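Here the sequence shown is numbered in our numbering, starting from 206 and rising by one per residue.
For each residue, glycine too, the CB sits at the ideal point set by N, CA and C.
Treat the numbers as computed from the prediction; the structure is a model and nothing was measured.
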Amino acid sequence: MRKKVWFLLALMLVFSMLLAACGGQSATPTENNAPITLNGAGATFPLPVYTEWIQMYKSVEPAVTLNYQGIGSGGGQKAILDGTVDFAGSDSLLKEEQYALMPDLQMLPILAGAVVPIYNIPEADNLVLDGPTMAGIFMGTITTWNDPAITALNPDIQLPGNPIFVAHRSDGSGTTEIFTSYLGAVSQEWVDTVGVGKAVEWPADAAGQGIGGKGNPGVAQAVQSTPYSIGYVELSYAKSNNIPFADMLNQAGNRVTANAETMQDAMAAFANAFDERLTTKIVNAPGEKSWPIMGYTYLVIHMKENPDCAKTKALLDYIQWSISDSAAAQKAADLGYATLPDAVRELVVAKLQQVTCGNGEKVLP
206 MRKKVWFLLA
216 LMLVFSMLLA
226 ACGGQSATPT
236 ENNAPITLNG
246 AGATFPLPVY
256 TEWIQMYKSV
266 EPAVTLNYQG
276 IGSGGGQKAI
286 LDGTVDFAGS
296 DSLLKEEQYA
306 LMPDLQMLPI
316 LAGAVVPIYN
326 IPEADNLVLD
336 GPTMAGIFMG
346 TITTWNDPAI
356 TALNPDIQLP
366 GNPIFVAHRS
376 DGSGTTEIFT
386 SYLGAVSQEW
396 VDTVGVGKAV
406 EWPADAAGQG
416 IGGKGNPGVA
426 QAVQSTPYSI
436 GYVELSYAKS
446 NNIPFADMLN
456 QAGNRVTANA
466 ETMQDAMAAF
476 ANAFDERLTT
486 KIVNAPGEKS
496 WPIMGYTYLV
506 IHMKENPDCA
516 KTKALLDYIQ
526 WSISDSAAAQ
536 KAADLGYATL
546 PDAVRELVVA
556 KLQQVTCGNG
566 EKVLP
């Protein structure tokens, strides 16, 4: 009887070793739920939803602590290049020289959001603008609120003759890149004189009509405290702070407001536009209902340079949860963001399954 027991124990040991060997190509989960801390920083564009998601994820995976600082897309890109964070948030796309410094960096679309023009005109509301007019305002060729280009779009509003003050981001910003990408899409003069990027030289500053602000809060504060000003922030921030924003005439010539329907319409128009980097721009969409100033927000991760397998798996698990969990999606929608279309989500999941750690083990099965 004793020999039989020892034989069974030995058989179980061999079987367990075989199972471990078969699973050797994937990273093992954290043993004994050991605590893991993941640090990220970057774009302020998704900060409201990231903050909520991090709180929600505590009940999903209590052993994982996530930290995210909204320091702007430029700051996030620098942080991951410097190796001071585990992941970065960015609305602006990495440049080829950055990929050259760290070839294993990967951008993953997580959400999309709208950028909206906020304004402070004490005598007027329900403003509507179009692309060329907004480019003229931010370029400094349209300088008063009763300019014919603005009044033609707003025949039912008595607009004042006050000078227009222009509020803009003072930090490197993916929101600025989305906004200037749109202005560049509708105005060749904008491309030729100002350009597109996460930081530009604003003509209004040289004219003494510009106001710089750090992050969405800085721009919003500048507009709210300066009568007859205009600026741009992320839709979620405008909604949560009850800041009025203008409607737009889109590429189809239709008046649209920024909401879930018009954002999804814009995303659908660019569903097949992703390049090999898994990035694309979605401004000036041609759809009948499309909101024209849109952008994806991305997480930036390492595909190969991941020495800590447990930590890497914890990060990938969180990313998969954020793009697939129904409660996470509902929270994003409630805050004014658009979740990924199914086809885009599948691209992200496929990329996550290619991530390796340690000596080249796959992180996900």
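Checklist entry - In this structure, what does DSSP give as the bridge partners for M499? => result Locating residue 499 in the sequence shown gives position 294, counting from the first residue. Answer is A319, bridged to M499.
Checklist entry - Would you say V371 and W407 are within 8 Å of each other, going by their C-beta atoms? => result The residue you call residue 371 lines up with position 166 of the sequence shown. The residue you call residue 407 lines up with position 202 of the sequence shown. Against a cut-off of 8 Å, the Cβ pair of W407 and V371 comes out as a contact.
Next on the checklist: Which same chain residues end up closer than 7 Å to Q469 when comparing Cβ atoms and leaving out the 5 residues on each side of it in sequence?
Outcome noted: Counting from one through the sequence shown, the residue named residue 469 turns up at place 264. A543, listed in sequence order.
Checklist entry - Can you tell me where the beta strand (DSSP E) with I326 in it begins and where it stops? => result Numbered from its first residue, the sequence shown carries residue 326 at position 121. Segment: none, I326 is in no beta strand (DSSP E) and carries neither H nor E.
Item to check | CA-to-CA distance, I528 to A313, given in whole angstroms | outcome: The count along the sequence shown starts at 1 and reaches residue 313 at position 108. The count along the sequence shown starts at 1 and reaches residue 528 at position 323. Residue identity check: residue 313 is Leu in the sequence provided, not Ala. Taking the straight line joining both Cα atoms gives about 11 Å.
Item to check | Reference Q559; option with closest CA among V290, A284, L310 | outcome: One-based indexing of the sequence shown puts residue 559 at position 354. Q559 has its Cα closest to that of L310, out of V290, A284, L310.
Next on the checklist: Taking the alpha carbon of N238 as the reference point, which residue from K536, V269, Q393 has its own alpha carbon closest?
Outcome noted: Residue numbering aside, residue 238 sits at position 33 when the sequence shown is read from its first letter. Of K536, V269, Q393, the residue nearest in Cα terms is V269.
Checklist entry - Leaving out the 5 sequence neighbours to the left and right, which residues in its chain are closer than 8 Å to L540 when beta-carbon positions are compared? => result Within the sequence shown, numbered from 1, the residue matching residue 540 stands at position 335. Result list for L540: P253, V254, E257, S441, K444, S445, in chain order.
Next on the checklist: Are the CB atoms of W496 and K467 within a distance shorter than 8 Å?
Outcome noted: Translated into the one-based positions of the sequence shown, residue 467 becomes position 262. Translated into the one-based positions of the sequence shown, residue 496 becomes position 291. Note that residue 467 is Thr in the sequence shown, not Lys. Yes. Within cutoff.
Item to check | Residue environment, L504, which counts as buried when at least 16 other CB atoms sit within 10 Å | outcome: Stepping through the sequence shown from its first residue, residue 504 is reached at position 299. So L504 counts as buried.
Next on the checklist: The alpha helix (DSSP H) that contains G280, what's its start and end?
Outcome noted: Working through the sequence shown from its first residue, we reach residue 280 at position 75. Counting along the chain, the alpha helix (DSSP H) containing G280 begins and ends at 278 to 287.
Checklist entry - Got a sec? Which residues, its chain only, sit under 7 Å from V290 by beta carbon, not counting five neighbours each side? => result As a position in the sequence shown, residue 290 is number 85, starting the count at 1. N244, G245, A246, A284.
Next on the checklist: Alpha carbons only, please: which of G458, Y523, F384 is nearest the one belonging to I315?
Outcome noted: The residue labelled residue 315 in the question sits at position 110 within the sequence shown. Ranking the options by Cα distance to I315, first place goes to Y523.
Checklist entry - Cβ of V321 within 8 Å of Cβ of S386? => result Numbered from its first residue, the sequence shown carries residue 321 at position 116. Numbered from its first residue, the sequence shown carries residue 386 at position 181. Cβ distance not < 8 Å, so V321 and S386 don't count as in contact.
Item to check | Complete alpha helix (DSSP H) runs within the stretch 502 to 562 (minimum length 4 residues, chain order) | outcome: 514 to 529, 531 to 539, 547 to 557
Next on the checklist: The beta strand (DSSP E) that contains Y273, what's its start and end?
Outcome noted: Walking along the sequence shown from the start, residue 273 turns up at place 68. Per DSSP, Y273 belongs to the beta strand (DSSP E) from 269 to 275.
Checklist entry - Skipping 5 residues on each side, what residues in its chain have a beta carbon closer than 7 Å to that of A226? => result Position 21 of the sequence shown, counted from the start, is the residue given in the question as residue 226. Any reading at A226 must be qualified, since the residue scores a pLDDT of 40, below 50, and its modelled position is unreliable; the value itself is stated next. Counting only Cβ-Cβ distances below 7 Å, and skipping sequence neighbours, we find nothing.
Next on the checklist: Can you list, in chain order, the residues of its chain with a C-beta nearer than 8 Å to that of P491? Leave out the 5 residues immediately preceding and following it.
Outcome noted: The residue given as residue 491 occupies position 286 in the sequence shown. Cβ neighbours of P491 beyond the five flanking positions: Q456, A457, A474.
Next on the checklist: Per DSSP, what are the beta-bridge partners of Y437 in this structure?
Outcome noted: Within the sequence shown, residue 437 is the residue found at index 232, counting from 1. Partner(s): P322.
Checklist entry - Nearest CA to the CA of D335: which residue from T485, A515, A476, M453? => result The sequence position of residue 335 within the sequence shown is 130, counting from 1. It is M453.
Next on the checklist: Given a cut-off of 8 Å on the beta-carbon distance, is the pair K403 and G436 in contact?
Outcome noted: Here residue 403 corresponds to residue number 198 of the sequence shown, with the count starting at 1. Here residue 436 corresponds to residue number 231 of the sequence shown, with the count starting at 1. For K403 and G436, no; Cβs fall outside 8 Å.
Next on the checklist: Mapping the DSSP letters down to three states, classify G569 as helix, strand or coil.
Outcome noted: The count along the sequence shown starts at 1 and reaches residue 569 at position 364. A small fix is needed here, since residue 569 is Leu in this sequence, not Gly. Correct three-state label for L569: coil.
Next on the checklist: I believe Y262 touches G294 by the beta-carbon criterion, under 8 Å. Please report the beta-carbon distance rounded to the nearest angstrom.
Outcome noted: Indexing the sequence shown from 1 puts residue 262 at position 57. Indexing the sequence shown from 1 puts residue 294 at position 89. Not a contact, Cβ separation roughly 15 Å.
Item to check | For I241, the first and last residue of its enclosing alpha helix (DSSP H) | outcome: Counting from one through the sequence shown, the residue named residue 241 turns up at place 36. Taken as a continuous stretch (DSSP letters only), I241 belongs to no alpha helix (DSSP H), being part of the beta strand (DSSP E) at 241 to 247.
Checklist entry - How many Å lie between A329 and F343 at the Cα? => result As a first step, residue 329 must be located in the sequence shown, where it is residue number 124. As a first step, residue 343 must be located in the sequence shown, where it is residue number 138. Using only the alpha carbons, I get a separation of about 20 Å.
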